[in-house]
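Residue numbers (this note's numbering), protein chains in the order written: chain A, 5 to 321; chain B, 5 to 321.
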């Protein structure tokens, strides 16, 4: 029997991709010179797409594959997958939750501490030789900071746990108050941002959370405030973010995610009060290995006719 | 009555220095063109020296002041003060413990996370525009790391508390096993460094801890290991540190302190696997304010003939 066809939309963690390609007849969409011909060729027998969180997959591609039954997303955030289309066609969807929670939360703290204590600026101050001519300015302290976590899911709660070890106060905002959490809840993000010294965005991307951190919320956070984003570029009004960082109406930012990454707005490059990072939330070797294992386990379950391991939408066999 | 004379060896936090100068007849040693004349002029009535942790005060200066009874050190580390000389002459000594513990521990985590997750390198990757041409390499994860804390005093324990929130394992080394701590204790730093993925130095400076993190310990930590130093440059064999970072026999370092700072060894400037920081452990506005308050409280206690607030060595009135 020939290997089942899998359409791969974009590259994933290289060792995981190698395993996928050893087991399945993998077609690389992003490398195909003629996408239409590729889709025509596999249309009669392609039941499975694998993609990464940044690339996702659009309805236009899925429409060309009448036999498609399942999309496996390498990444917890599947906002780049056209979920309403999958639902309408009853296409299954898996993602890679949990295995990346801790690393993403670690990076949120690295960016928060890096912003407050100015780690990249300090590195430059030493490395350039400037230190011999004078010290660096005093910075903010993490101590006693009021931290609003925007999106108190798995990752948000992992961030909260870490922040508490730094003598901070936690509040949260999101679509609803969560049972079993004693932190103050702010139904309104602007109200939460008024209360907070720091806002950490940890909510899913997609239409429902577009610019959830609005211009008004950024202004409420204010000139002493710090905004950290390890979620998606889409969850903040990025135009306002750039403007307010530039004119000092927002104090600082630590950003792992951006609109249209990696081709981000070059206005970020000159902002000295931002710590920039190239979407590395889950980009550690052990976590990418685990994400690959989970992606392959979902694909294996699919071809075995079983329930997906980490199911977002069920497969209809 | 004229204001009491205070000899200030080097500048301290500006608002605290302004308060000191409003209350006392402060003589600025570091600005005096002729140190000998300054000391001669104040010798008959100078009972108190104020200094900062970096500057300290040497026996040669104290010998010129026969009436000296007290040294107030702005900083918790008083290794730059000639303590044996103070003891021999029964000169009192105060420092500023506790108020800076939390900020220094925060910076240790900022440097540890910054090293493991490569925060300054990420910032450069984005800011230079390189991201559009390709992603950054995967990094190490903080998860599950074995962290040896070298010096489990107030600051070491504050670091341990934070590290535990990141799902790490803690061990410690130091002059003696501490009662009430359940973490594994390593009497030998090399043995501890073999066990560890990360060593964080948090022990006092001075002769007793010189190169406590030896070449052998750095080699035991190894090519995947990370060394973080928020203590003093003297506690590590810096020549070995530079060599092993350069040839990859030590994985990475996060360094707030150096030999001969701020005129540090320029070999550090080219090390891409080190996160460098200009001795900013306590350099936040609220903490420097608190350190200044405590320094002034000790000076006030001294001139009132009272026990020092945070006494290292007692005053003999």
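Just so it is clear, CB atoms sit at the ideal spot from N, CA and C, and this is done for glycine as well.
As the structure is a computational prediction, the values presented were derived from the model and not from experiment.
Give the residues of chain A in contact with residue i, contact being defined as C-beta atoms less than 8 Å apart.
i	result
residue 135 of chain B	265, 266, 268 and 282
Determine the closest residue to residue i out of the options, with distance taken between C-alpha atoms.
i	options	result
residue 230 of chain B	B/144, B/294 and B/55	B/144
residue 198 of chain A	A/65, A/221 and A/280	A/221
residue 211 of chain B	B/86, B/14 and B/48	B/86
residue 134 of chain B	A/296, A/294, A/273 and A/319	A/273
residue 262 of chain B	A/32, A/11, A/131 and A/109	A/131
residue 257 of chain A	A/186, A/37, A/245 and A/136	A/245
residue 279 of chain B	A/128, A/57, A/46 and A/111	A/128
residue 70 of chain B	B/12, B/189 and B/48	B/48
residue 18 of chain B	A/251, A/313, A/141 and A/275	A/141
residue 281 of chain A	A/236, A/321, A/79 and A/297	A/236
residue 233 of chain B	B/285, B/275, B/189 and B/251	B/285
residue 308 of chain A	A/196, A/74 and A/14	A/74
residue 288 of chain B	A/188, A/311, A/168 and A/139	A/139
residue 253 of chain B	B/40, B/16, B/203 and B/219	B/219
residue 35 of chain A	A/26, A/23, A/13 and A/316	A/13
Alpha helix (DSSP H) containing residue i: first to last residue?
i	result
residue 219 of chain B	219 to 225
residue 156 of chain A	Segment: none, residue 156 of chain A is in no alpha helix (DSSP H) and carries neither H nor E.
residue 130 of chain A	123 to 131
residue 66 of chain B	63 to 67
residue 193 of chain B	193 to 199
residue 295 of chain B	289 to 307
residue 111 of chain B	105 to 120
residue 75 of chain A	Premise fails: residue 75 of chain A lies in the beta strand (DSSP E), 74 to 78, not in any alpha helix (DSSP H).
residue 44 of chain A	39 to 46
residue 87 of chain B	87 to 93
residue 25 of chain A	18 to 27
Could you list which residues in chain A have their beta carbon closer than 7 Å to that of residue i, in chain order?
i	result
residue 279 of chain B	123 and 127
residue 106 of chain B	147 and 171
For residue i, which residues in the same chain have their Cβ closer than 7 Å to its Cβ, ignoring the five residues on either side in sequence?
i	result
residue 216 of chain A	154, 193, 207 and 239
residue 89 of chain B	63 and 66
residue 291 of chain A	103, 104 and 107
residue 159 of chain B	105, 108, 109 and 206
Mind listing the chain B neighbours of residue i? Cutoff is C-beta to C-beta under 9 Å, in chain order.
i	result
residue 295 of chain A	What residue 295 of chain A touches in chain B: nothing, since even the nearest Cβ is about 11 Å away.
residue 217 of chain A	By Cβ distance, chain B contributes nothing, its closest Cβ being about 19 Å from residue 217 of chain A, past 9 Å.
residue 242 of chain A	By Cβ distance, chain B contributes nothing, its closest Cβ being about 14 Å from residue 242 of chain A, past 9 Å.
residue 144 of chain A	288, 289 and 290
Quick one: list the residues of chain B neighbouring residue i, beta-carbon separation under 7 Å, in chain order.
i	result
residue 118 of chain A	114, 118 and 123
residue 111 of chain A	121
Can you list the residues of chain B that residue i reaches, using a CB-CB cut of under 8 Å?
i	result
residue 140 of chain A	282, 284 and 287
Can you give me the Cβ contacts of residue i inside the same chain, cut-off strictly under 6 Å, excluding the 5 residues immediately before and after it?
i	result
residue 76 of chain A	54, 98, 299, 302 and 303
residue 43 of chain B	68
residue 213 of chain A	207 and 239
residue 255 of chain B	227, 228, 229 and 230
residue 113 of chain B	166
residue 120 of chain B	144 and 146
residue 172 of chain B	149 and 151
residue 305 of chain A	312 and 313
residue 60 of chain B	84 and 85
residue 170 of chain B	146
Terminal residues of the continuous beta strand (DSSP E) containing residue i?
i	result
residue 55 of chain A	52 to 56
residue 12 of chain A	9 to 12
residue 176 of chain B	173 to 177
residue 35 of chain A	Neither: residue 35 of chain A is in no beta strand (DSSP E) and is coded neither H nor E.
residue 250 of chain B	Taken as a continuous stretch (DSSP letters only), residue 250 of chain B belongs to no beta strand (DSSP E), being part of the alpha helix (DSSP H) at 242 to 250.
residue 211 of chain A	Neither: residue 211 of chain A is in no beta strand (DSSP E) and is coded neither H nor E.
residue 232 of chain B	230 to 233
residue 205 of chain A	202 to 205
residue 256 of chain A	256 to 259
residue 316 of chain B	315 to 317
residue 98 of chain A	96 to 98
residue 278 of chain A	278 to 280
What I want to know is whether the C-beta of residue i ends up closer than 7 Å to one or more non-hydrogen atoms of the ligand PLP.
i	result
residue 105 of chain A	This structure does not include the ligand PLP; it has no bound ligands of any sort.
Who are the neighbours of residue i on chain C, taking C-beta pairs under 7 Å?
i	result
residue 131 of chain B	In the structure shown, chain C cannot be found, because the protein chains are A and B.
CB-CB under 8 Å to residue i, same chain, minus the five flanking residues each way: which ones, in chain order?
i	result
residue 200 of chain B	150, 151, 152, 175, 225 and 229
residue 72 of chain A	50, 51, 52, 53, 66, 93 and 95
residue 46 of chain B	9, 11, 31 and 69
residue 29 of chain B	6, 7, 8, 9 and 10
- Query: Taking a cut of 9 Å between CB atoms, which residues from the region 147 to 169 of chain A lie near chain B?
  - Reply: Under the 9 Å Cβ criterion, the region 147 to 169 of chain A contributes 147, 148, 165, 166, 167, 168 and 169.
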